[in-house]
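Novice: Please find one structure pasted underneath; my questions will follow.
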Amino acid sequence: MSDAGSAYSRFQRALTTGNLTLIRAAAAELPAVRLGDALQVCVLLRDREPERYERAAVRWIGRFCVERAVTLEDVDHARVAFQIMRRDPERALGILQTLCA
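Numbering (the numbering used here), first residue to last: 15 to 115.
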């Protein structure tokens, strides 16, 4: 199968649409969603399904703790970034992307 038809490519295309229904369907085809991609989904939830945003943010922080060698300071930065995302999304996203790197 070519890369254009891979499950991850379909997921990436779905992310660019911002359509959460397409994103969920494409994500279901993947063995796992990368942490950076999950962050993009959190941002979309904040805008389109705010009632699900906090739960997604908490799940993201949990994955962050498990998948990276983090300190308590890193966890606190992530928590604060998700809190400020509602009022300053660019700054919050910058903090979270830095933590993912």
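For each residue, glycine too, the CB sits at the ideal point set by N, CA and C. What you are looking at is a predicted structure, and each value in this text was computed from that prediction instead of being measured.
1) Report the rounded CA-to-CA distance for residue 104 versus residue 41, giving the unit in angstroms.
2) According to DSSP, simplified to helix, strand and coil, what is residue 85?
3) So residue 60 packs on residue 100, CB below 8 Å; how close in whole Å?
4) How many whole angstroms separate the CB atoms of residue 58 and residue 32, which I take to be in contact at a CB cut-off of 8 Å?
5) Does the separation of the CB atoms of residue 44 and residue 21 fall below 7 Å?
6) Can you check which of these residues, 39, 98, 27, is closest to residue 71 by C-alpha distance?
7) Exposed or buried, what is residue 39 when buried is set at 16 or more other beta-carbons lying within 10 Å of its beta-carbon?
8) Would you mind reading off the limits of the alpha helix (DSSP H) that contains residue 49?
9) Between the Cα of residue 47 and those of 67, 65, 78, 66, spot the shortest distance and give me the residue it belongs to.
10) Compute the beta-carbon to beta-carbon distance between residue 49 and residue 81, rounded to the nearest angstrom, for a pair I have assumed lies under 8 Å.
Specialist: From the atom records:
1) 25 Å
2) coil
3) 7 Å
4) 6 Å
5) yes
6) 98 is the residue among 39, 98, 27 whose C-alpha sits nearest the C-alpha of residue 71.
7) exposed
8) 49–62
9) 78
10) 6 Å
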